[in-house]
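Asker: Letter 166 of the sequence shown, counting from 1, is numbered 166 in UniProt numbering, and no numbers are missing. Note that beta-carbon positions come from the ideal geometry of N, C-alpha and C, so glycine has one too.
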Amino acid sequence: MNDTSASAVRFEPCAKRIRAYLAGHVVVDTTRALYVWEWPHFPTYYFPTDDIQAELIELDDTADPTNLGVAALYDLAVDGSVASRAARRYVDSPLEELRGRVRLSWTAMDEWLEEDEPVYTHARDPYARIDILASSRHIQIMLDGVVVADSRHARILFETGLPPRYYLPLTDIRMDLLRRSDTTSQCPYKGTANYWSVVIGDTVHRDLVWMYRAPLPESQKVAGLASFYSESVDVYLDGVLQKRPVTGMEP
Numbered sequence: 001m002n003d004t005s006a007s008a009v010r011f012e013p014c015a016k017r018i019r020a021y022l023a024g025h026v027v028v029d030t031t032r033a034l035y036v037w038e039w040p041h042f043p044t045y046y047f048p049t050d051d052i053q054a055e056l057i058e059l060d061d062t063a064d065p066t067n068l069g070v071a072a073l074y075d076l077a078v079d080g081s082v083a084s085r086a087a088r089r090y091v092d093s094p095l096e097e098l099r100g101r102v103r104l105s106w107t108a109m110d111e112w113l114e115e116d117e118p119v120y121t122h123a124r125d126p127y128a129r130i131d132i133l134a135s136s137r138h139i140q141i142m143l144d145g146v147v148v149a150d151s152r153h154a155r156i157l158f159e160t161g162l163p164p165r166y167y168l169p170l171t172d173i174r175m176d177l178l179r180r181s182d183t184t185s186q187c188p189y190k191g192t193a194n195y196w197s198v199v200i201g202d203t204v205h206r207d208l209v210w211m212y213r214a215p216l217p218e219s220q221k222v223a224g225l226a227s228f229y230s231e232s233v234d235v236y237l238d239g240v241l242q243k244r245p246v247t248g249m250e251p
């Protein structure tokens, strides 16, 4: 049984300097952020109200109640630019540590910095780890009964809380079955990914394959290699079919 009480929420001080920008203006600049794990996979920043450098315009509305309490919603205004419903405060939260703090919408901001480096998608989890290991294990990827990749030259990426990802050389992939996609995504640990769809007969499996062409430093070992959503394909590892993971991340 999952504990959904406020006492089950993890939080701890963040030692990094955190900044967020809106319309070219700094709206928060602090070394007093709090990591709060509202969900298991990554934390969210909460900031002291005194460190918000933009106007908080309270709305006559609240967010749906959660185990953190009922959040008052705010527009965030700076130099004529307004981000709608971009801030929230849990004034009467059962967690005393959240009272007097503000959470900013990640997507409403133009840029986020940890120290002097951009960070993408969400705050970095201080407990997340990535290991990328070269492997000569025999990896086959099958889709609709067709072998779309066959490799003994993989780099396997192990990331805390996620299934292994098998990054393969393009020469070991049926590139004739791939169609380049306009889709991109960003990861705070790996960078920006580009995608391909896989075409088997008349069926298009959208955005099943991705590549980091210029990954962030900690993920350089997967540069130029491609990976498949193991949630949506059959992966054979040394001839043994692997169970498809359930992550909710597949397209």
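If you draw a straight line from the alpha carbon of L68 to that of L170, how long is it in whole angstroms?
Answerer: For the purposes of this step, residue 68 is taken as residue 68 along the sequence shown, with counting starting at 1. For the purposes of this step, residue 170 is taken as residue 170 along the sequence shown, with counting starting at 1. Their backbone Cα atoms lie some 46 Å apart in a straight line.
Asker: Taking the beta carbon of R89 as the centre, do at least 16 other beta carbons fall within 10 Å, making it buried, or is it exposed?
Answerer: Locating residue 89 in the sequence shown gives position 89, where the first residue counts as 1. Buried, by the Cβ-count rule.
Asker: Between V91, S81 and V233, which has its C-alpha nearest L241's C-alpha?
Answerer: By 1-based counting over the sequence shown, the position of residue 241 is 241. For L241, the nearest C-alpha among the options comes from V233.
Asker: Find out if the Cβ-Cβ distance for the pair A123, Y35 is shorter than 9 Å.
Answerer: Numbered from its first residue, the sequence shown carries residue 123 at position 123. Numbered from its first residue, the sequence shown carries residue 35 at position 35. Yes, these two residues count as a Cβ contact at 9 Å.
Asker: Specify, as a first and last residue, the run of the beta strand (DSSP E) that N194 falls within.
Answerer: One-based indexing of the sequence shown puts residue 194 at position 194. It spans G191 to I200 - the beta strand (DSSP E) in which N194 sits, taken as one unbroken run.
Asker: What does the alpha-carbon distance come out to for the pair Y46 and E111?
Answerer: As a working note, residue 46 is residue 46 in the sequence shown. As a working note, residue 111 is residue 111 in the sequence shown. Going by the C-alpha atoms only, they are around 16 Å apart.
Asker: Residue ranges of each beta strand (DSSP E) run of no fewer than 3 residues wholly in the UniProt domain "DUF427" (18-97), ordered along the chain?
Answerer: You should have 18-22, 25-30, 34-37, 44-48, 55-62, 72-78 and 81-89.
Asker: Would you please state the rounded distance, in angstroms, between the beta carbons of S181 and R206? I believe it to be under 8 Å.
Answerer: As a first step, residue 181 must be located in the sequence shown, where it is residue number 181. As a first step, residue 206 must be located in the sequence shown, where it is residue number 206. Correct: roughly 7 Å between the Cβ atoms.
Asker: Beta-carbon separation of I52 and A77 under 9 Å?
Answerer: Translated into the one-based positions of the sequence shown, residue 52 becomes position 52. Translated into the one-based positions of the sequence shown, residue 77 becomes position 77. No, Cβ-Cβ distance for I52 and A77 is not below 9 Å.
Asker: Distance, Cα to Cα, D144 vs F11?
Answerer: As a working note, residue 144 is residue 144 in the sequence shown. As a working note, residue 11 is residue 11 in the sequence shown. Answer to the nearest angstrom: the Cα atoms are 44 Å apart.
Asker: Jot down the residue ranges of each uninterrupted beta strand (DSSP E) in the region 118-145, minimum 3 residues, whole runs only, in chain order.
Answerer: The qualifying runs are 130-135 and 139-143.
Asker: Using three-state DSSP, classify M211 as helix, strand or coil.
Answerer: Working through the sequence shown from its first residue, we reach residue 211 at position 211. The answer is strand: DSSP assigns M211 an E or B state.
Asker: Quick check on this structure: which residue in D125, R152, Q186 and S151 has the alpha carbon closest to the alpha carbon of T160?
Answerer: Taking the first residue of the sequence shown as position 1, residue 160 is located at position 160. When each option's Cα is compared against that of T160, the closest is D125.
Asker: Kindly indicate the opening and closing residues of the beta strand (DSSP E) around E12.
Answerer: For this step, residue 12 is matched to residue 12 along the sequence shown. Where E12 is concerned, the enclosing beta strand (DSSP E) stretches over R10 to P13.
Asker: State yes or no: is the C-beta of V222 within less than 9 Å of the C-beta of L177?
Answerer: For the purposes of this step, residue 222 is identified with residue 222 of the sequence shown, where counting begins at 1. For the purposes of this step, residue 177 is identified with residue 177 of the sequence shown, where counting begins at 1. No. Outside cutoff.
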